[in-house]
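Going by the working numbering, the residue at position 443 of the first sequence is 443; the numbering climbs one at a time, nothing skipped.
Positions of the beta carbon are idealized from the N, C-alpha and C atoms, including for glycine.
Bear in mind that the values here come from a model prediction, so they are computed numbers and not experimental data.
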Amino acid sequence: MIKVTLKSGVVNEYAAGITVYEIALGISEGLARNACCGRLNGSIVDLRTKVGSDCKLEILTFDDPDGKKAFRHTASHIMAQAIKRLYPETKLAIGPSIDDGFYYDFDREKPFSPEELIEIEGEMKKIVKENYDIERSELPRAEAIKFMEEKGEPYKVELILDLPEDAVISFYKQAEFTDLCAGPHLMSTKYVKAFKLMSVAGAYWRGSEKNKMLSRIYGTAYPKAADLEAYVTMLEEAKKRDHRKLGKELKLFALLDEGPGFPFFLPNGMIIKNILLDYWRELHKKAGYVEISTPIILSRTLWENSGHWDHYKDNMYTTVIDGEDFAIKPMNCPGGMLVYKQELHSYRDLPLRVGEIGLVHRHEKSGALHGLMRVRCFNQDDAHIFMTEDQIKSEIKGVIDLIDSIYKQFGFKYHVELSTRPENSMGSDEAWELATNGLKGALDEYGLSYVVNEGDGAFYGPKIDFHLEDSIGRTWQCGTIQLDMQMPERFNLEYTDKDGSKKRPVMIHRVAFGSIERFIGILIEHFAGQFPTWLAPVQVKVLPISEKFEDYADEIYKKLDNAGIRAEKDLRAEKIGYKIREARNERVPYMIIVGEKDLEAGKVSLRSRVNGEEGQMDLSEVIERILKEITEKTN
RNA sequence: GCUGAUGUAGCUCAGUUGGUAGAGCAGCUGAUUCGUAAUCAGCAGGUCGCCGGUUCAAGUCCGGCCAUCAGCUCCA
Numbered sequence: 001m002i003k004v005t006l007k008s009g010v011v012n013e014y015a016a017g018i019t020v021y022e023i024a025l026g027i028s029e030g031l032a033r034n035a036c037c038g039r040l041n042g043s044i045v046d047l048r049t050k051v052g053s054d055c056k057l058e059i060l061t062f063d064d065p066d067g068k069k070a071f072r073h074t075a076s077h078i079m080a081q082a083i084k085r086l087y088p089e090t091k092l093a094i095g096p097s098i099d100d101g102f103y104y105d106f107d108r109e110k111p112f113s114p115e116e117l118i119e120i121e122g123e124m125k126k127i128v129k130e131n132y133d134i135e136r137s138e139l140p141r142a143e144a145i146k147f148m149e150e151k152g153e154p155y156k157v158e159l160i161l162d163l164p165e166d167a168v169i170s171f172y173k174q175a176e177f178t179d180l181c182a183g184p185h186l187m188s189t190k191y192v193k194a195f196k197l198m199s200v201a202g203a204y205w206r207g208s209e210k211n212k213m214l215s216r217i218y219g220t221a222y223p224k225a226a227d228l229e230a231y232v233t234m235l236e237e238a239k240k241r242d243h244r245k246l247g248k249e250l251k252l253f254a255l256l257d258e259g260p261g262f263p264f265f266l267p268n269g270m271i272i273k274n275i276l277l278d279y280w281r282e283l284h285k286k287a288g289y290v291e292i293s294t295p296i297i298l299s300r301t302l303w304e305n306s307g308h309w310d311h312y313k314d315n316m317y318t319t320v321i322d323g324e325d326f327a328i329k330p331m332n333c334p335g336g337m338l339v340y341k342q343e344l345h346s347y348r349d350l351p352l353r354v355g356e357i358g359l360v361h362r363h364e365k366s367g368a369l370h371g372l373m374r375v376r377c378f379n380q381d382d383a384h385i386f387m388t389e390d391q392i393k394s395e396i397k398g399v400i401d402l403i404d405s406i407y408k409q410f411g412f413k414y415h416v417e418l419s420t421r422p423e424n425s426m427g428s429d430e431a432w433e434l435a436t437n438g439l440k441g442a443l444d445e446y447g448l449s450y451v452v453n454e455g456d457g458a459f460y461g462p463k464i465d466f467h468l469e470d471s472i473g474r475t476w477q478c479g480t481i482q483l484d485m486q487m488p489e490r491f492n493l494e495y496t497d498k499d500g501s502k503k504r505p506v507m508i509h510r511v512a513f514g515s516i517e518r519f520i521g522i523l524i525e526h527f528a529g530q531f532p533t534w535l536a537p538v539q540v541k542v543l544p545i546s547e548k549f550e551d552y553a554d555e556i557y558k559k560l561d562n563a564g565i566r567a568e569k570d571l572r573a574e575k576i577g578y579k580i581r582e583a584r585n586e587r588v589p590y591m592i593i594v595g596e597k598d599l600e601a602g603k604v605s606l607r608s609r610v611n612g613e614e615g616q617m618d619l620s621e622v623i624e625r626i627l628k629e630i631t632e633k634t635n
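Listed below in structure tokens is the structure:
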């Protein structure tokens, strides 16, 4: 007999060899039907797994992240099975579950067409309906290889060959289809009730661009049709707030064929950009920063000295001036170094916080461009902090605090990643250790949780990255804090210490918005174009009912303008409904409507974006309210 | 850069098996002067992404390039 401790704390005894599923059945019929997999002594297992000894068991359903994985992974097997039935010549690569669904990579002469996706979905429906048991089995290495060779699946053979010698090689079988797979899986194909194949795309075998490109089919699956529908609706809603679409509609920016990846800012977008910069300058002044500006074009020798030339020359734009090579800056730091060297520094000057809104250019591959999120020229809200070693932690904490306050202002949620020393890096082990520990220590003391990306740091130092989400859950790196002990060395930076000796400062590179362009892209999606009053390009639109009230409208417009409110007037001979419709489409926070009644009373009628019609009131009241929203940055 | 898809008026799109282009909105002109999401009429607007080829004839077919979109790779 074996003792099984269930998640609820109940301890039951069973005969050895009972399956997880049978135990689950014993708990409750209903639970077992929804169950995907179990957590046996902490590891995720299939419901068919036999329980051999005393253990702890938790039954997982679709609602658990691991249950979701098992569920979607089964959906991916069903897709692969359908494809092998319809197009037997297709070779299978890999097919995992992902955040929102699953994919499977295939090798096939001809790419999958949308019509074929529909056919595949049809075949999948059959497989689900046919209700196949999913069985797990294991094979010794040699037999496993032979099995896949006989099936004519070279990618599977390669996968097995790459497994460690002592690895358990497991297979999952549903009817005629057997796949190499670590599992876990559902008990049967029948549970995958609602699924949809989303798209086809190319993907390199094993993620390397040196390998063959395979056809990847993306899909998603849910236990209930309603959940699938909700997901599809969410995607449609997200599309409506895509910053590229809203950027055009709201006339914020333009991306033209004449400058791929080089965004044009239109008057409305420029207002937002300038307000963000005003806000940034105000915050940074309070936080003890000074501001500089360094040139966009600097000599190649400078970039060789900084190390950028070695690492990134293929992604730098260059030019020749008077026969000498120059490069357009991809980063602001070398300029910052040169500014530091303009004078001698005392330990009393440190930490020295030097900000720069710098326009940088980086050649991104054509396929990587994406609206304002990934561009070839952008403004960094950069700053370099020069300090002593014992100021590292407090300075980093200060920067984290600043970045956090900025993201909170906009209501963003973010996650943090710490990237450590990459292969192709410069500097000593000691310097890297000191820098990495400095970042870790500051994060720990600040109490921020973070994930570690081993080997993802910059060539000159480790970094903390702040990632913000866009409207469909993709995350984009915005803020970053990088600790650098190499540039000060390379540029021979010094300060004079108390005892008169020359010391080397430590440097932080940091950005909060990251790229202003990208930040604006995320802001557009975050607010779905409905910018809070303090950011809105137009804060109030004055709409006279008819041309008879033009003078009164103009009088009100002037008062708003004098109060420092961004107002517009719409004096066209259109009906009020039409003007309101347009103002709404422009996402203007406030409309002031004036007609006979208002003129007589000497008042205005207010319509707000959030509350709709608010009725008649004094203009002074409206102005006060809007000014309050602007200064307090609320709404 | 790679795989696939797409590119027609300022915008959103239609355009049969090849026979030299259409709608709605926006714009302009005129009429309308109106109380909370589209007033009516008229006018104007296109080297069908660019270059080349096939053909009596190309927006439609073929090739090359450019750009965009989805994903992969990359992202100091």
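In this structure the segment 78-87 does not touch the segment 37-48; the number of beta carbon pairs closer than 8 Å is below three. Ranked by Cα distance from L228, the first of K193, Y495, D561 is K193. Under the three-state reduction of DSSP, H284 is assigned to helix. In the three-state DSSP reduction, M187 falls in the coil class, being neither helix nor strand. With respect to D99, G183 sits apart: the two C-beta atoms are not nearer than 9 Å. Excluding five sequence positions before and after E149, the CB atoms of its chain that fall closer than 7 Å to its own CB belong to V157, given in chain order.
For the pair Y460 and I400, the CB atoms are not nearer than the 9 Å cut-off. Between L186 and I134 the beta-carbon gap is near 6 Å, inside 8 Å, which marks them as a contact.
In this chain, the alpha helix (DSSP H) harbouring G122 covers 114-129. In the DSSP secondary-structure assignment, N379 is bridged to L359. When the beta-carbon positions are compared, L252 and I524 come within less than 9 Å of each other. Per DSSP, I623 is one residue of the alpha helix (DSSP H) stretching across 619-632. Take the alpha-carbon of V542 and the one of R607: they are about 10 Å apart. The C-beta distance from V538 to E586 rounds to 7 Å, short enough to fall under 8 Å. Pairing R362 with Y312 gives a Cβ-Cβ distance under 9 Å. Per DSSP, the unbroken beta strand (DSSP E) holding Q174 starts and ends at 170-174.
Spatial neighbours of G335 in its own chain (CB-CB distance under 6 Å, excluding positions within 5 residues in sequence) are listed in chain order as T294. Per the DSSP secondary-structure output, C37 pairs in a beta bridge with D46, L60. Residue state for I2 is assigned as strand, using DSSP reduced to three classes. When the beta-carbon positions are compared, G247 and L369 stay at least 9 Å from each other. Y347 and S299 have their C-alpha atoms some 31 Å from each other. The C-alpha of G207 is placed about 31 Å away from the C-alpha of S188.
If you draw a straight line from the Cα of F378 to the Cα of I520, it is about 11 Å long. DSSP places Q477 in the uninterrupted beta strand (DSSP E) bounded by 475-484.
DSSP lists L606 as the beta-bridge partner residues of G615.
Within the segment 496-550, the complete beta strand (DSSP E) segments at least 3 residues long are 506-515, 540-544, listed from N- to C-terminus. Beta-carbon to beta-carbon, A221 and F195 are separated by about 4 Å, close enough to satisfy the 8 Å threshold. Between the segment 388-399 and the segment 424-443 there are three or more C-beta pairs closer than 8 Å, enough to call the two in contact.
Apart from the 5 residues on each side of it in sequence, L535 sits with its Cβ closer than 7 Å to the Cβ of I272, I275 in its chain, given in chain order.
Counting other Cβ atoms within 10 Å of its Cβ, L86 stays below 16 and is therefore classed as exposed. Annotated three-state conformation of K91 is strand, per DSSP. D105 counts as buried, since no fewer than 16 other beta carbons sit within 10 angstroms of its beta carbon. Beta-bridge partners assigned by DSSP to A442: none are found. Every beta strand (DSSP E) of 3 residues or more that sits fully in the segment 205-236 is shown, in chain order, as 213-222. With 16 or more other Cβ atoms inside 10 Å of its own Cβ, D470 counts as buried. DSSP places Y450 in the strand class (E or B) of the three-state scheme.
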